[in-house]
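Structure first, then comments.
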Amino acid sequence: MKLYYAPGTCALAPHIALEWIGASYEAERVELGSEDYLKINPLGMVSALKDGDHRIMTQADAILKYIEMSFPDADLGVAKDPLSQFELDEALAFLTGDFHPAFWPFFSAPRFTVSTEDSAINDVREASFARIDRVMTHLEALLKDGTYVVGGKRTIADPYAFAMTRWTAHTPKPWQDYPAVKRFMETMLDDKGVQNAMKAQGLS
Numbered sequence: 150m151k152l153y154y155a156p157g158t159c160a161l162a163p164h165i166a167l168e169w170i171g172a173s174y175e176a177e178r179v180e181l182g183s184e185d186y187l188k189i190n191p192l193g194m195v196s197a198l199k200d201g202d203h204r205i206m207t208q209a210d211a212i213l214k215y216i217e218m219s220f221p222d223a224d225l226g227v228a229k230d231p232l233s234q235f236e237l238d239e240a241l242a243f244l245t246g247d248f249h250p251a252f253w254p255f256f257s258a259p260r261f262t263v264s265t266e267d268s269a270i271n272d273v274r275e276a277s278f279a280r281i282d283r284v285m286t287h288l289e290a291l292l293k294d295g296t297y298v299v300g301g302k303r304t305i306a307d308p309y310a311f312a313m314t315r316w317t318a319h320t321p322k323p324w325q326d327y328p329a330v331k332r333f334m335e336t337m338l339d340d341k342g343v344q345n346a347m348k349a350q351g352l353s
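The numbering used here applies: residue 150 is where the sequence shown begins, and numbers increase by one.
So, in structure tokens, the structure goes:
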């Protein structure tokens with residue numbers, strides 16, 4: 150398998166999952182939106198995964214599910230009953246559909262206003278803080294009774310949450326201000342697979 154990534158993005162999540170499964174893989178750093186990378190993934194975004202002769206796989210949550218299902222012995226999923234599967238899918242959907250978009254106005258403020266004035270762009274960025282706090286508060290609730298996002302065990306939802314929660318370091322209310330999230334993040338930071346993936350991407 151070959152993972153295409155850009156440092157600091159949610160591509161850190163499948164990178165950690167690949168470390169956890171213990172299988173052989175390559176990781177290639179790419180420039181988002183570059184001409185060379187657009188030939189690999191026309192959307193120009195990471196993460197992307199190549200596995201054998203199959204077409205390029207995209208979307209972090211889908212890639213994580215593929216890794217989990219392809220390596221069942223790594224036990225990165227939940228029980229196969231409908232309710233357990235729903236809870237994992239619900240967590241992944243929250244991370245994809247609510248958590249990630251909450252940061253878009255913060256990192257890409259000019260996309261959310263027709264004004265080019267610094268004051269307008271700053272207003273967009275500051276308006277994102279309330280939405281980021283809302284999704285962080287929900288993540289706090291998911292973690293309040295344990296160390297893992299879903300199912301009371303390590304799953305593919307954990308590296309996904311970890312990769313994006315790191316972004317709060319750039320906001321007025323970082324992850325250290327949420328007690329359960331802080332416990333989760335510290336546990337993840339102590340994990341050897343997480344450390345390996347971060348080192349490979351030049352992250353600290």
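From the three backbone atoms N, C-alpha and C, an ideal C-beta is built for every residue, glycine too.
Run of the alpha helix (DSSP H) containing residue i, from where it starts to where it stops
| i | result |
| --- | --- |
| K331 | 328-338 |
| Y153 | Note, Y153: premise wrong, no alpha helix (DSSP H); beta strand (DSSP E) at 151-154. |
| W169 | 161-170 |
| L187 | 184-189 |
Through-space distance from residue j to residue i, alpha-carbon basis
| i | j | result |
| --- | --- | --- |
| G201 | I212 | 14 angstroms |
| I205 | E180 | 17 angstroms |
| A312 | S264 | 31 angstroms |
| D307 | Y297 | 6 angstroms |
| S353 | Y309 | 17 angstroms |
| L192 | R332 | 35 angstroms |
| K322 | A251 | 14 angstroms |
| E184 | H203 | 22 angstroms |
| A346 | D210 | 17 angstroms |
| V330 | M337 | 10 angstroms |
Pair within 9 angstroms by beta-carbon distance, residue i and residue j
| i | j | result |
| --- | --- | --- |
| L225 | A166 | yes |
| F255 | W169 | no |
| T314 | L237 | no |
| S258 | R274 | In the sequence as presented, Ser is not what sits at residue 258; that position holds Ala. Result yes, Cβ atoms of A258 and R274 sit closer than 9 angstroms. |
| A240 | L291 | yes |
| L187 | Y153 | no |
| T158 | S196 | yes |
For residue i, three-class secondary structure by DSSP
| i | result |
| --- | --- |
| R178 | strand |
| K214 | helix |
| T207 | strand |
| A306 | helix |
| K199 | strand |
| K322 | coil |
| M194 | coil |
| T158 | coil |
Limits of the unbroken beta strand (DSSP E) element including residue i
| i | result |
| --- | --- |
| K341 | No beta strand (DSSP E) holds K341; the alpha helix (DSSP H) holding it covers 341-349. |
Quick check on the DSSP output: what are the complete beta strand (DSSP E) runs of length 3 or more inside the segment 216-295, in order along the chain? none
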